[in-house]
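Engineer: For the sequence shown, my numbering assigns the number 1204 to the initial residue and increments by one for each residue that follows.
Where a beta carbon is used, it is the ideal one built from N, C-alpha and C, also for glycine.
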Amino acid sequence: MKAFLRIQTMALLLCAVLLAAPTLAQDMPPLPGELVIGDLAAPRGIAFDADGNLIVTVAGSGGEQELMAIGPEGEQTFRVGLSGQVISVSPDGVSQPLLNALPSYAGATETTGAYRAIPHEGALWVLNSMSGPFSPFGSTIIEMDLTTGFPRRIINPSQFEALNNPDGNEIESNVADIAWLADGTLVIVDAGANALLRWTEAEGLSVITAWPENPVPTSIEIAENGDFYIGFLGAGIAPGAGKIEHWSNGELVETFGGLTAVTDILLDGEILYAVQLFLFTEQGPGPGSVVMVNADGITPVAEGLVTPFGLAKGPDGALYVSFGTIAFAPGMTGGVVRLAS
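(1) Within the same chain, show all residues whose beta-carbon is closer than 8 Å to that of P1354, passing over the 5 residues directly before and after it, in chain order.
(2) Cβ of L1243 within 7 Å of Cβ of G1538?
(3) Buried or exposed for S1451, please, with buried defined as at least 16 other CB atoms from any protein chain shown within 10 angstroms of its CB.
(4) If you draw a straight line from the C-alpha of K1446 to the C-alpha of V1465, how long is it?
(5) Quick one, are the C-beta atoms of G1507 and P1235 less than 7 Å apart?
(6) Closest to G1248 by CA distance: which of V1540, L1514, N1372 and I1529 is it?
(7) G1263 and A1250 look like a contact to me (Cβ under 8 Å); what is the Cβ gap, rounded to whole Å?
(8) Which residues does DSSP pair with V1509 in a beta bridge?
(9) Comparing C-alpha positions only, which one of A1253, L1257 and F1363 sits nearest to I1240?
(10) Run through DSSP, which three-state label would S1361 get?
(11) Kindly identify the DSSP beta-bridge partner or partners of A1477.
(12) Based on the DSSP secondary-structure assignment, which residues constitute the bridge partners of L1257?
(13) Taking a contact to mean a Cβ-Cβ separation below 7 Å, would you say Q1288 touches V1261 in this structure?
(14) Do you know offhand how far R1356's Cα is from I1321's?
(15) Just grab the DSSP bridge partners of A1317 for me.
(16) Do P1369 and A1438 have their CB atoms nearer than 7 Å?
(17) By Cβ distance, which residues of its chain are closer than 6 Å to Q1299, with the 5 residues on each side in sequence left out?
(18) Which of the three DSSP states, helix, strand or coil, is assigned to P1225?
(19) Just to confirm, are N1377 and S1332 a CB contact at a threshold of 7 Å?
(20) Rounded to whole angstroms, what's the CA-CA distance from A1223 to G1534? Just pull it up for me.
(21) To the nearest angstrom, how far is it from the Cα of Q1362 to the Cα of A1498?
(22) Can you check whether the C-beta of T1484 is within less than 7 Å of a C-beta belonging to chain C?
(23) Return the bridge partner residues of T1343 from the DSSP annotation.
(24) In this structure, does DSSP put I1367 in helix, strand or coil?
(25) How would you write the range of the beta strand (DSSP E) that S1264 sits in, first residue to last?
(26) Less than 7 Å between the C-beta atoms of V1478 and P1511, yes or no?
(27) Quick one: is V1392 buried, meaning 16 or more other Cβ sit within 10 Å of its Cβ, or exposed?
(28) Considering E1237, what are the terminal residues of the beta strand (DSSP E) in which it resides?
Structure, rendered in structure tokens:
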């Protein structure tokens, strides 16, 4: 069985310990910067479009309909609704929905649904990563035409995983991130499949590489020279098991280890950043962080972030990060913060 069934197993482990320390839920650490948008239910990936608008993907809070499913972890109840959305925040702070009424599946500890929305060449590429019964979107990538409001194409890594199972483990797909090569090839990180895939219109999906040891790849950046940087949650979500791999010409050339639960990475020129969902201290797991990573080690950029997730650089040169992606306390919401320089 895979140690990572989407992000839910991670949520269970984290919440169990955080809820045992109620002072954390009652006395949240101050934000390390300026709040850009708040009161969001499970914010996930963030990005900027060509006009400088901040694009925020929100998994939502489920809904009123209850559905039961039996999976590897036993019987689970999901509250299902259409509370997921993608929001655009203009440079002057005005927010408006780009996509509304996206399916949202709220389990006991974590919500799945819309995962990332990435602007590219006039379209919005929406990643859906859903668990729960009767989830037709499954683990899919949808290219949305923002002029017409209709999808241009749908890519289905779930089906590819079921037919090919690149890592040889339990069949599970959880699309986590995408990026493009200079020739237009789409590169896909599938966390549940522990695989890096490529997609072209002519050839469809194929495998670049897979990781049978279950390190759970979560994020990708492609350098100007075509090198890949891939972030990993880490097998078993163990402290220090997270990492970033640097691949060049199809070969692994460098590994930056010692990280914990990496959910996103950002390559800004030669500077490599990572988001750590949480950190372990002598008191147990606590708030996460944004760090710089290089051959010399790990340098904190922003600390005290409660379950941070997505990272992006704005047109103003500042770093933006989503937080509160897991609601470990009733009614807890998250948002996006502009990190102090």
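Structural biologist: Per the coordinate set shown:
(1) In the sequence shown, residue 1354 corresponds to position 151, counting from 1. Result list for P1354: I1345, E1346, M1347 and D1348, in chain order.
(2) Numbered from 1 along the sequence shown, position 40 holds the residue referred to as residue 1243. Numbered from 1 along the sequence shown, position 335 holds the residue referred to as residue 1538. Contact: yes.
(3) Within the sequence shown, residue 1451 is the residue found at index 248, counting from 1. It counts as exposed.
(4) Mapped onto the sequence shown, residue 1446 falls at position 243. Mapped onto the sequence shown, residue 1465 falls at position 262. For K1446 and V1465, the distance between alpha carbons rounds to 7 Å.
(5) If you number the sequence shown from 1, residue 1507 lands on position 304. If you number the sequence shown from 1, residue 1235 lands on position 32. Contact flag set, yes.
(6) The count along the sequence shown starts at 1 and reaches residue 1248 at position 45. Measuring from the Cα of G1248, the nearest candidate turns out to be L1514.
(7) By one-based count along the sequence shown, residue 1263 stands at place 60. By one-based count along the sequence shown, residue 1250 stands at place 47. Actually they are not in contact, since the Cβ atoms of G1263 and A1250 sit about 18 Å apart, beyond 8 Å.
(8) The count along the sequence shown starts at 1 and reaches residue 1509 at position 306. Per DSSP, none; premise fails for V1509.
(9) Within the sequence shown, residue 1240 is the residue found at index 37, counting from 1. If we check each option's Cα against that of I1240, L1257 comes out closest.
(10) Counting from one through the sequence shown, the residue named residue 1361 turns up at place 158. In the structure shown, S1361 sits in a helix (DSSP, three-state: H, G or I).
(11) Stepping through the sequence shown from its first residue, residue 1477 is reached at position 274. Answer is I1468 and V1494, bridged to A1477.
(12) On the sequence shown, residue 1257 is found 54 positions in, with the first residue counted as 1. Answer is F1251 and V1292, bridged to L1257.
(13) Working through the sequence shown from its first residue, we reach residue 1288 at position 85. Working through the sequence shown from its first residue, we reach residue 1261 at position 58. Yes.
(14) The residue you call residue 1356 lines up with position 153 of the sequence shown. The residue you call residue 1321 lines up with position 118 of the sequence shown. R1356 and I1321: Cα-Cα distance of roughly 15 Å.
(15) Working through the sequence shown from its first residue, we reach residue 1317 at position 114. Partner(s): N1331.
(16) Position 166 of the sequence shown, counted from the first residue, corresponds to residue 1369. Position 235 of the sequence shown, counted from the first residue, corresponds to residue 1438. Contact flag unset, no.
(17) Taking the sequence shown and counting its residues from 1, one reaches residue 1299 at position 96. So the list reads S1291, once near-sequence residues are dropped.
(18) Against the sequence shown, residue 1225 aligns to sequence position 22. Reliability of the predicted coordinates at P1225 is poor, the pLDDT of 44 falling under 50, and no value is obtained from them.
(19) Locating residue 1377 in the sequence shown gives position 174, counting from the first residue. Locating residue 1332 in the sequence shown gives position 129, counting from the first residue. It is a contact, given that the beta carbons lie within the stated cut-off.
(20) Here residue 1223 refers to the residue found at position 20 when the sequence shown is read from its first residue. Here residue 1534 refers to the residue found at position 331 when the sequence shown is read from its first residue. Confidence at A1223 is low in this model, with a pLDDT of 47, below 50, so the placement of that residue is unreliable and no value is reported for it.
(21) Translated into the one-based positions of the sequence shown, residue 1362 becomes position 159. Translated into the one-based positions of the sequence shown, residue 1498 becomes position 295. Their backbone Cα atoms lie some 38 Å apart in a straight line.
(22) Of the protein chains in the structure, only one exists, and it is not chain C.
(23) Locating residue 1343 in the sequence shown gives position 140, counting from the first residue. Bridge partners of T1343: N1331.
(24) By 1-based counting over the sequence shown, the position of residue 1367 is 164. It is Asn, not Ile, that sits at residue 1367 in the sequence shown. N1367: helix per DSSP, three-state reduction.
(25) Within the sequence shown, numbered from 1, the residue matching residue 1264 stands at position 61. Where S1264 is concerned, there is no enclosing beta strand (DSSP E), given that its DSSP letter is neither H nor E.
(26) Locating residue 1478 in the sequence shown gives position 275, where the first residue counts as 1. Locating residue 1511 in the sequence shown gives position 308, where the first residue counts as 1. Result yes, Cβ atoms of V1478 and P1511 sit closer than 7 Å.
(27) Along the sequence shown, one-based indexing puts residue 1392 at 189. The residue is buried, with at least 16 neighbouring Cβ atoms inside 10 Å.
(28) The sequence position of residue 1237 within the sequence shown is 34, counting from 1. Its beta strand (DSSP E) spans residues G1236 to L1243.
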